[in-house]
Amino acid sequence: MAPAVDEAVLKLAQAQRLTGTSCLVDGDSFVQNAAALRQSALQKGLHLNFTEFASQAGVYAMPLKQVIIRSLLHRLDSEKVKSSVARQLDRFEDVMGQGPDYIDGHQHVHQLPMIREALLAEMERRYAASMPWLRYTGAQRLAVGFAFKDRFKAQIIAALGSKDLLRQARAKGVTLNTGFTGVYDFHGGKERYSALIQAWLAAMQHGDSLMCHPSLNAVAGDPVGAQRLAEYEVLSSPEMQQWLDQYSLRIA
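Per our numbering, residue 21 is the first one in the sequence shown, and the count goes up by one each step.
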């Protein structure tokens, strides 16, 4: 995505604080840091994109609101959706030398109508013998005391296709994570993120996925850059291991 984000991911991987990372294949640093990622123990995922890099040749993308509305109305260009999914998988394979271990979506677009059907069909065509797993945004682990705005955001994300993705993926034998957490408004600095992490960990169950967005510094032009840094500082802290031990959790 960006060098500071990539470096944060690799450092957290070395500290055994992450299990995987999702790659925006059209991002500036994807090729640059691919070798280091290949050498890491992380699962390598495709971060399917339909909202960024619209100015790049061959990229089919538009603002998130438009993607959501057009997908729900079945007004996306179906051929461009199919070719975009195939192109991104091609690029991932070309750079990483393997298919993705899992697939999710930038801004969760992988679960939207039209996109999810195209994705599942392409996965079946390419990887029938060994399917990547998919991120499921339902089964939110929302601990008692979560702010309404965080609950609401998590529930809206889940409502935009998680149940249909779960049903369609299972019908094709695709594995998904059991539950999902890590959704919040990207505000509050280290203090709030520390409290959120502890609440998420307390609510997590076996097979759940916790989403995070760390960076070594606040990247210019990134509206959540300062919070990315806060996430990195919390995730890399000694307290993080203490919380994992407290809740008898293992990152694996």
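Cβ atoms here follow ideal geometry from the backbone N, Cα and C, with glycine treated the same way.
| Asked | Found |
| --- | --- |
| Unbroken alpha helix (DSSP H) run spanning L84, endpoints | L84 to L92 |
| Contacts around R146, its chain only, beta-carbon distance under 8 Å, and the 5 residues preceding and following it disregarded | L109 and G119 |
| C-alpha gap between L269 and R161, whole angstroms | 15 Å |
| Assigned exposure category for S98 - 16 Cβ within 10 Å defines buried | exposed |
| Spatial distance of P152 from G193 (CA atoms) | 10 Å |
| K210 - DSSP class collapsed to helix/strand/coil | helix |
| For Y252 and L236, believed in contact at Cβ under 8 Å, the rounded distance | 6 Å |
| Whether R136 touches Q188 by CB criterion (8 Å) | yes |
| Every unbroken beta strand (DSSP E) within the segment 115 to 191, with a cutoff of 3 residues, ordered by chain | 122 to 125 |
| Where L221 falls: helix, strand or coil (DSSP) | helix |
| C-beta contact flag for T201 and W220 at 8 Å | yes |
| Alpha carbon of L216 to alpha carbon of S257, nearest angstrom | 15 Å |
| Start and end residues, alpha helix (DSSP H) containing G245 | G245 to L255 |
| Rounded separation between L132 and L255 - CA only | 30 Å |
| L57 and S42 closer than 8 Å at C-beta | no |
| Helix, strand or coil at F200 [DSSP, three-state] | strand |
| Contiguous alpha helix (DSSP H) assignments of at least 4 residues, all confined to the segment 27 to 91 | 54 to 59 |
| Boundaries of the alpha helix (DSSP H) in which L96 is found, first to last residue | L96 -> no alpha helix (DSSP H), and no H or E assigned at all. |
| Contact belief for T71 with H126 at Cβ below 8 Å, rounded distance in angstroms | 6 Å |
| Classification of S150 by the beta-carbon crowding that lies within 10 angstroms, buried from 16 upward | exposed |
| Nearest candidate by alpha-carbon position, reference N69, set Q63, D46 and F50 | D46 |
| Enclosing alpha helix (DSSP H) for D265 [first to last residue] | P258 to Q266 |
| S229, DSSP secondary structure in three states | strand |
| Under 8 Å between C-beta atoms of K64 and M116 | yes |
| Rounded separation between G227 and L185 - CA only | 17 Å |
| 7 Å Cβ shell around H94 - same chain, five flanking residues per side excluded | P133 and M134 |
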